[in-house]
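Peer 1: Chains as they are written, first to last, in our numbering: chain A, 1154 to 1356; chain B, 1154 to 1356.
One structure, pasted below without further comment.
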DNA sequence: ATAGTATGCTTAACACCGTTAAGTGAGAGT
DNA sequence: ACTCTCACTTAACGGTGTTAAGCATACTAT
């Protein structure tokens, strides 16, 4: 009686359909401007069906964020495992982060800029094992390698990691959310940020 | 025939009452979590009255932002005109910027994070002459002073200003929009960013 | 003084929103 | 054949920002 398995498969398929529809709408029109009813319309089910697969709208977004983070993680891991000079590796990791954001600005907006926070404490715990944390962990490993190689003056791994993240995020988010501002050349600006931070950290 | 002027005055007073009520609610509970009906309730008028004084909810917040950002401008100008060592002046200007953002996260969110893309071209123009942008101008003046004093290696004023802004914005916006992340000590993080950037720029 | 008008505000409603309680109906298990 | 499970729907709740229409009051002109 494989019918049970078939139904299981179909359920999973619908879950993915919801995710796909929501991602497309969220990325294209922004989380706030897309209603659950519109997502439901796109998949041709009633709005309430979504609630059988996701607890609420924020959870739906969270699931999409996980997928996006996963892509970033993969890129960063590849760079880290290339095993160059640790400082060069960190620099390239930061570049990858910013480039990723600029390549998928709507995804980036969704996960890092218009990030609505979860109301539940329980969820927060889950989040700390999320892909976002994994990406952060990758950056952290890069920083740690530099410190272990005695390339940096400052030795507080966590602080340096968070600062590097903030530097990358600052550039990425401003370029995305203020496209009409008279920016200097974007590539130069990104490199200036990363190089200046690394130079400032150097022993 | 001063009755016209009196009515004018009374209208202006109500406008300020609305602004005051809205500011208190927005700052205390967050823009998204405060409805027009709640603002109206606080001033003991009907919700629709607000629309006689402000075009919509966003305009209401925008007006509040202008007021508050004027405060930031003043602070930054005071620092800049204190006439210390230009680098120290810049450092303190950056601190003031970040501190301001963390003090008024909802104001900061509207003008720098959830920056409306193109509601109307007309509005955008207004926005670029806003107090937020004036604050940017102040930062630019600080950077220029450092470069003129030959304290920095990099001499592209615009690029350096934008990088410093992005550094401050990165810290500020991440701290605001991801309050549940396990940040290291916030003050240290902010100082680390500013100091590292300045050290990295030094001649 | 009185009729007319402009002004300031309110009532009621529109068209949405996220979410949930209750109900339906097809297929599985006995 | 009958019950039961369960994926799904309908209808509704209590909110949201916003607007059209109406109502008094105060001012103006005759």
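Glycine included, each C-beta is placed from N, C-alpha and C at the ideal position.
Here the structure is a predicted model, which is why all the values come from computation and not from measurement.
(1) If we count the other Cβ atoms within 10 Å of its Cβ and call it buried at 16 or more, is residue 1199 of chain B buried or exposed?
(2) State the start and end residues of the unbroken alpha helix (DSSP H) segment that holds residue 1348 of chain B.
(3) Going by DSSP in three states, residue 1305 of chain B sits in which element: helix, strand or coil?
(4) Determine the DSSP secondary structure at residue 1199 of chain A, reduced to helix, strand or coil.
(5) Which bits of chain B does residue 1186 of chain A rub up against, with CB to CB less than 7 Å?
(6) Do you know offhand how far residue 1261 of chain A's Cα is from residue 1234 of chain A's?
(7) Secondary structure at residue 1335 of chain A, three-state DSSP: helix, strand or coil?
(8) Compute the distance between the beta-carbons of residue 1229 of chain B and residue 1291 of chain B, then report whether it is under 8 Å.
(9) Can you say whether residue 1258 of chain B is buried or exposed, counting buried as having 16 or more other CB atoms within 10 angstroms of its CB?
(10) May I ask you to report which of helix, strand or coil DSSP gives residue 1187 of chain A?
(11) Verify the CB distance criterion: does residue 1259 of chain A have a CB-CB separation below 8 Å to chain B?
(12) With a Cβ-Cβ cutoff of 8 Å, do residue 1305 of chain B and residue 1249 of chain B count as a contact?
(13) Please tell me whether residue 1256 of chain A has its Cβ less than 8 Å away from any Cβ of chain B.
(14) How would you label residue 1188 of chain A, buried or exposed, when you count the other beta carbons within 10 angstroms and need 16 or more for buried?
(15) Can you tell me which of the three DSSP states residue 1277 of chain B falls into?
(16) I want to see whether chain B comes within less than 8 Å of residue 1277 of chain A, judged by CB atoms only; does it?
(17) So, is the C-beta of residue 1243 of chain B closer than 8 Å to a C-beta in chain A?
(18) For the alpha helix (DSSP H) that residue 1225 of chain B lies in, which residues bound it at each end?
(19) Evaluate the contact criterion for the stretch 1178-1198 of chain B versus the stretch 1209-1218 of chain B: three or more CB pairs, one atom per stretch, below 8 Å.
(20) Shorter than 8 Å from the beta carbon of residue 1181 of chain B to some beta carbon of chain A?
(21) State the DSSP-derived secondary structure class of residue 1207 of chain A, mapped to helix, strand or coil.
(22) For the alpha helix (DSSP H) containing residue 1324 of chain A, list its first residue and its last residue.
(23) Give the straight-line distance between the Cα atoms of residue 1191 of chain A and residue 1319 of chain B, rounded to the nearest whole angstrom.
(24) Between the alpha carbons of residue 1341 of chain A and residue 1204 of chain A, how many angstroms are there, rounded?
(25) Is there at least one Cβ from chain A nearer than 8 Å to residue 1315 of chain B's Cβ?
(26) For a contact defined as C-beta to C-beta under 8 Å, what are the partners of residue 1221 of chain A on chain B?
Peer 2: Looking at the atomic coordinates:
(1) As a working note, residue 1199 of chain B is residue 46 in the second chain. An exposed status is given to residue 1199 of chain B, since fewer than 16 other beta-carbon atoms sit within 10 Å of its beta-carbon.
(2) Locating residue 1348 of chain B in the second chain gives position 195, where the first residue counts as 1. Counting along the chain, the alpha helix (DSSP H) containing residue 1348 of chain B begins and ends at 1339-1354.
(3) Along the second chain, read from residue 1 onward, the residue named residue 1305 of chain B stands at position 152. Strand.
(4) Locating residue 1199 of chain A in the first chain gives position 46, counting from the first residue. Coil at residue 1199 of chain A, not helix or strand.
(5) Position 33 of the first chain, counting from 1, holds the residue named residue 1186 of chain A. Within chain B, no residue comes near residue 1186 of chain A; the closest Cβ sits about 11 Å away, beyond 7 Å.
(6) The count along the first chain starts at 1 and reaches residue 1261 of chain A at position 108. The count along the first chain starts at 1 and reaches residue 1234 of chain A at position 81. Straight-line Cα distance between these residues: approximately 24 Å.
(7) The residue labelled residue 1335 of chain A in the question sits at position 182 within the first chain. Of the three classes helix, strand and coil, the one that applies to residue 1335 of chain A here is coil, per DSSP.
(8) Your numbering for residue 1229 of chain B matches position 76 in the second chain. Your numbering for residue 1291 of chain B matches position 138 in the second chain. Here residue 1229 of chain B is near residue 1291 of chain B, since their CB atoms are less than 8 Å apart.
(9) The count along the second chain starts at 1 and reaches residue 1258 of chain B at position 105. Burial call: buried.
(10) Reading the first chain from its first residue, position 34 is the one you call residue 1187 of chain A. Coil at residue 1187 of chain A, not helix or strand.
(11) The residue you call residue 1259 of chain A lines up with position 106 of the first chain. Judged by the 8 Å Cβ criterion, residue 1259 of chain A is not in contact with chain B.
(12) Translated into the one-based positions of the second chain, residue 1305 of chain B becomes position 152. Translated into the one-based positions of the second chain, residue 1249 of chain B becomes position 96. Their beta carbons are not under 8 Å apart, which means residue 1305 of chain B does not touch residue 1249 of chain B by this criterion.
(13) Locating residue 1256 of chain A in the first chain gives position 103, where the first residue counts as 1. No - not a single Cβ of chain B is within 8 Å of the one on residue 1256 of chain A.
(14) Locating residue 1188 of chain A in the first chain gives position 35, where the first residue counts as 1. Under this definition residue 1188 of chain A is an exposed residue.
(15) Reading the second chain from its first residue, position 124 is the one you call residue 1277 of chain B. Residue confidence is low: residue 1277 of chain B scores 44 on pLDDT, short of 50, so the model does not pin down where it sits. Its coordinate-derived value is still stated next. It is helical.
(16) Locating residue 1277 of chain A in the first chain gives position 124, counting from the first residue. Any reading at residue 1277 of chain A must be qualified, since the residue scores a pLDDT of 47, below 50, and its modelled position is unreliable; no value is offered.
(17) On the second chain, position 90 is the one that residue 1243 of chain B refers to. Chain A contact via Cβ: absent.
(18) Residue numbering aside, residue 1225 of chain B sits at position 72 when the second chain is read from its first letter. It spans 1210-1234 - the alpha helix (DSSP H) in which residue 1225 of chain B sits, taken as one unbroken run.
(19) yes
(20) By 1-based counting over the second chain, the position of residue 1181 of chain B is 28. Answer no: the Cβ-Cβ gap between residue 1181 of chain B and chain A never drops below 8 Å.
(21) Taking the first chain and counting its residues from 1, one reaches residue 1207 of chain A at position 54. It is coil, neither helix nor strand.
(22) As a working mapping, residue 1324 of chain A is identified with position 171 in the first chain. Its alpha helix (DSSP H) spans residues 1310-1330.
(23) Stepping through the first chain from its first residue, residue 1191 of chain A is reached at position 38. Stepping through the second chain from its first residue, residue 1319 of chain B is reached at position 166. Using only the alpha carbons, I get a separation of about 35 Å.
(24) What you label residue 1341 of chain A is simply residue 188 of the first chain in a count that begins at 1. What you label residue 1204 of chain A is simply residue 51 of the first chain in a count that begins at 1. Taking the straight line from one Cα to the other gives about 46 Å.
(25) If you number the second chain from 1, residue 1315 of chain B lands on position 162. For residue 1315 of chain B, the answer is yes, since a Cβ of chain A falls inside 8 Å of its Cβ.
(26) As a first step, residue 1221 of chain A must be located in the first chain, where it is residue number 68. Result: empty, since nearest Cβ-Cβ is about 15 Å, beyond 8 Å.
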